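Residue numbers (the working numbering): 2 to 103. We put the CB at the ideal spot given by N, CA and C, even for glycine. Keep in mind the model is a prediction, meaning the values are calculated, not measured. This report refers to the structure that appears directly beneath it.
Structure follows, in structure tokens:
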């Protein structure tokens with residue numbers, strides 16, 4: 002009887018090793034995407050800090066402030082678009098985690 006169960010045991014072992022390898026690939030993908038999001042968020046944060054520090058208008062009048070505000074709107078829009086993209090990516094990663102743990 003034990004000689005007959007050996008092929009089944011080998012098939013199960015092979016199957017679970019294959020599943021484990023595939024799961025490792027999926028986990029590696031998730032970690033890579035998470036690191037990319039973290040890096041992008043750090044970049045956006047640094048850019049926004051630079052943008053805010055270069056727009057220090059404390060000594061300027063209202064007219065200069067409105068001109069600088071117009072020049073920075075494209076930068077703000079760019080940062081906003083990047084943040085929205087990061088938000089969508091985080092949502093996708095959250096869905097990924099939810100689907101894989103159901």
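For residue 96 and residue 34, the rounded distance between their alpha carbons: 13 Å
Would you kindly check if the distance between the Cβ of residue 89 and the Cβ of residue 45 is under 7 Å? no
With a Cβ-Cβ cutoff of 7 Å, do residue 49 and residue 80 count as a contact? yes
Could you tell me whether the Cβ atoms of residue 87 and residue 41 are closer together than 7 Å? yes
Nearest residue (CA-CA) to residue 78, options 52, 14 and 13: 52
For residue 94, which residues of its own chain have a beta-carbon under 8 Å away from its beta-carbon, when the five flanking residues on both sides are left out? 31, 34, 35 and 38
So for residue 30, helix, strand or coil by DSSP? helix
When the Cα atoms are used, what is the spatial distance from residue 26 to residue 55? 43 Å
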